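Q:
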Amino acid sequence: MFGRYLIIIDDIWDVSAWDIIKCAFPENHLGSRVITTTRIQVVAKACCFHGHGHILEMKPLNDKYSRRLFFGRIFGSEEACPLHLRDVSVEILKKCGSLPLAIVTISSMLASEDSIQKERWEHVRSCLGSLTNLTLEGVRRILNLSYRELPLHLKTCLLYLGMYPEDYIISRYDLERQWMAEGFVGKENGQDCVKVASNYFNELVNRSLIQPVKFDSRGSVTKCRIHDMMLDLILLKSAEENFFTIVDDSRAITGLDYKMRRLSVRLDSVSNGQAILPKNTAMSHIRSVMFFGSSESTPDLLQFKFLRVLVINLHRAKVDLSGLSKLYQLRYLRISRFCFYQLPTHIRVLQNLQTLDLGRYSNMRQDFPSDIVHLPHLTHLNVGSELFDGIGNMKSLRHLCAFDLAVNTVDNIKNIGELTNLRYLFISCGPHADDTERRMDVLRSSLGKLRNLEDLIVSMRGSIDGLMPLSPAPTPYRLDRFVMFRNCWFSRIPSWIGELRNLGELNLLVCELLNDGVGILSELPVLTHLDIDI
């Protein structure tokens, strides 16, 4: 009330919403400012306090930058455009109305087809019809064309993103594992499902149908979002095909005369998660359920007997998992670390489970099911608990986070070396670990056996000079990323770092950096990201 403030509100759609929002801002005459964005002129005018405001209208690209964006996306430059495509290209570009979203969408579609047949380009021009002065409806037509031109498998994968709320930042790897759990992805051309799912994701990015948000050091997209207008199209197509149903009120699905296939449940602090789904509505055909928002409780899982994907991303909800052991088709389970829950004593019956993600920073203290080691298809395990003897049986594991040296037995540390399919390993060491030196010796031996490991993340306390094998490895490591958190360090750059010929990202802390350390780092031929604290 007594200070200046700057508030930014994105994407307001109607005046009534602004009339409610503005009541929260005190007029204290201290030079405060409110910035809003909208696509609607009337809303923009309403957001000007008593006429004392400024409307900045986003202008379309001029012809020079429109052509640079269009031709650059397809051919690299305008000069590289084949002569027989020049005229039709200009006509297509005109129909994009100098709007970046339209230009990027159409050019990405044409670029992805790798076709320079004039007939194909003329077909695209014809599909755009008589668009001249592009409006929102015109952009929607362009997006719809891009969707129609997708192969069936990419349409399915794209529609699935509509399960997430508007502006939600989506993890690439979560999304790909959900696709696999749903059965959208199969082996192709000798590539496994993981690689195929990655290819599908990259293709959607290359077509500019999903927007990159975050990249790793290798330039790969790790997080993404959906543009609002693309989300509108997805919601429309989903309704036509009964792909998923969004529920934010129990009345929203009462009396529906079709079988729901997927549910995205949006809850707020006053919602009753147990009552959000009417008891007289059949849920047995649902394959995916995602909960977002805030609620004190969740529905009974027993009503989802053919469920494959379950995501519970709620804040401080009491999650009822009593029916979990009856979900025999479940392949993907992710529960937010902010939830309260108790896992069943036995989960061995979940023989199809591929992903179990409970958040490595979860504060839940509970008994972890010991029969987890008998899940034959489990590839992704993200927990913060002690694992049980027999971890060496989990041959399918590709991702393990976090393995705590302090709470796991020496036998478990030894058996880590049996997990030769591991690609990602997060190692931690809590306080009060017994016989730390011996545990490090055993760990060093185990790490030497993980020939397929690509990502190694270490969070320990103190010196970890004895972490990796002291002698050269019999075969080259595939390690691409090695990250140390700041509470552990090396005395100096270890010589074995120079053996990691595939290393692209290195984050570490050393007590001193000498000339020999610099020489070791110079031996890494593909290193692109280096972060050293001294």
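Read in order, the letters of the sequence shown are residues 1 to 534 in full-length UniProt numbering. C-beta atoms are modelled at their ideal positions from N, C-alpha and C, and glycine is treated no differently. Just so it is clear, the structure is predicted and the values come from calculations on it, not from any experiment.
Would you call the stretch 315-325 and the stretch 172-187 touching, i.e. three or more CB-CB distances under 8 angstroms?
A: Contact fails: fewer than three Cβ-Cβ distances are below 8 angstroms.
Q: Are the beta-carbon atoms of residue 505 and residue 220 separated by less than 7 angstroms?
A: It is not a contact, given that the beta carbons lie outside the stated cut-off.
Q: What do you reckon, are the CB atoms on residue 488 and residue 520 nearer than 7 angstroms?
A: No, they are not a contact pair.
Q: Jot down the residue ranges of each uninterrupted beta strand (DSSP E) in the stretch 181-267, minimum 3 residues, whole runs only, in chain order.
A: Within the stretch 181-267, the complete beta strand (DSSP E) runs of at least 3 residues are 211-215, 221-225, 245-247 and 262-267.
Q: Around the Cβ of residue 535, are there at least 16 other Cβ atoms within 10 angstroms (buried) or fewer (exposed)?
A: The question about residue 535 has no answer here: the residues shown for the chain are numbered 1 through 534.
Q: Given residue 483, which residues of its chain have a CB within under 6 angstroms of its CB, disregarding the five upstream and five downstream residues?
A: Closer than 6 angstroms at Cβ, skipping near neighbours: 457 and 507.
Q: Just the C-alpha distance for residue 474 and residue 289, rounded to the nearest angstrom, thanks.
A: Low confidence applies to residue 474: its pLDDT is 43, below 50, so where it sits in the model is not reliable, and the reading given next is rough at best. Cα to Cα, the separation comes out at about 46 angstroms.
Q: Please report the residue range of the beta strand (DSSP E) in which residue 340 lies.
A: First-last for residue 340: undefined, no H or E at that position.
Q: Evaluate residue 284 with the Cβ neighbour count: other Cβ atoms within 10 Å of its Cβ, from every protein chain shown; 16 or more gives buried, anything less gives exposed.
A: When all chains shown are included, residue 284 counts as exposed.
Q: Using 10 angstroms around the beta-carbon of residue 379, count the other beta-carbons present and answer buried if the total reaches 16, otherwise exposed.
A: Its Cβ being crowded by 16 or more others within 10 Å, residue 379 is buried.
Q: Are any of the Cβ atoms in chain B nearer than 7 angstroms to that of residue 479?
A: Looking for chain B here will not work: only one protein chain is present.
Q: Rounded to the nearest angstrom, what separates residue 347 and residue 369 at their Cα positions?
A: Straight-line Cα distance between these residues: approximately 7 angstroms.
Q: Go ahead and label residue 415 buried or exposed: buried means 16 or more other beta carbons lie within 10 angstroms of its beta carbon, across all protein chains shown.
A: By the 10 Å Cβ count, residue 415 comes out buried.
Q: State the CB to CB distance for the pair residue 146 and residue 105, rounded to an integer number of angstroms; the pair is presumed to be in contact (CB under 8 angstroms).
A: Right, their Cβ atoms sit about 5 angstroms apart.
Q: Just how far apart, CA to CA, sit residue 434 and residue 511?
A: Their Cα atoms are separated by approximately 25 angstroms.
Q: Using the three-state DSSP reduction, which class does residue 137 fall into: helix, strand or coil?
A: Here residue 137 sits in helix by DSSP.
Q: Could you give the DSSP three-state label for residue 529: helix, strand or coil?
A: Three-state result, residue 529: strand.
Q: I'd like to know whether the C-beta atoms of residue 359 and residue 337 end up nearer to each other than 7 angstroms.
A: Cβ distance < 7 angstroms, so residue 359 and residue 337 count as in contact.
Q: Does residue 54 come out as helix, strand or coil in the three-state DSSP assignment?
A: Correct three-state label for residue 54: coil.
Q: Report the start-end ranges of each beta strand (DSSP E) in the stretch 73-151 that is 3 residues or longer and not cut off at the edges.
A: For the stretch 73-151, not a single whole beta strand (DSSP E) run of length 3 or above is found.
Q: Work out the CA separation of residue 399 and residue 472 for me, nearest whole Å.
A: For residue 472, the predicted model reports a pLDDT of 49, less than 50, meaning its position is unreliable; a value from the coordinates is still stated below. Approximately 25 angstroms between the Cα atoms of the pair.
Q: Of all the options 287, 109, 533 and 282, which has the alpha carbon lying nearest to the alpha carbon of residue 163?
A: Taking only the C-alpha atoms, the option nearest residue 163 is 287.
Q: Do you know offhand how far residue 101's Cα is from residue 139's?
A: If I take the Cα positions, the gap works out to 8 angstroms.
Q: What number of angstroms, rounded off, separates the C-alpha of residue 34 from the C-alpha of residue 27?
A: Between residue 34 and residue 27, the C-alpha separation is close to 11 angstroms.
Q: Quick one: what does DSSP say residue 496 is sitting in, helix, strand or coil?
A: Helix at residue 496.
Q: Do three or more CB pairs link the stretch 105-121 to the stretch 196-214 at distances below 8 angstroms?
A: Yes: at least three Cβ pairs fall under 8 angstroms.
Q: According to DSSP, simplified to helix, strand and coil, what is residue 403?
A: DSSP places residue 403 in strand when its eight states are reduced to three.
Q: Reducing DSSP to helix, strand and coil, say where residue 542 ends up.
A: Here the chain comprises residues numbered 1 to 534, so residue 542 is not present and cannot be evaluated.
Q: Considering only the alpha carbon of each residue, which of 156, 128 and 376 lies closest to residue 350?
A: It is 376 whose Cα lies nearest to the Cα of residue 350.
Q: Based on Cα-Cα distance, which residue from 301, 316 and 315 lies nearest to residue 326?
A: Closest by alpha carbon: 301.
Q: By alpha-carbon positions, which one of 418, 392, 421 and 387 ends up nearest to residue 406?
A: Of 418, 392, 421 and 387, the residue nearest in Cα terms is 387.
Q: Leaving aside the five residues before and after residue 196 along the sequence, list all residues of the same chain whose C-beta is less than 8 angstroms from its C-beta, in chain order.
A: Closer than 8 angstroms at the Cβ level, and outside the excluded window around residue 196, lie 185, 186, 187 and 188.
Q: Is the CB-CB distance between residue 404 and residue 382 below 7 angstroms?
A: Contact flag unset, no.
Q: Taking the DSSP output, what are the residues bridged to residue 36?
A: Note: residue 36 sits in a beta bridge opposite 9.
Q: Which residues bound the beta strand (DSSP E) around residue 289?
A: 288-294 is the extent of the beta strand (DSSP E) around residue 289.
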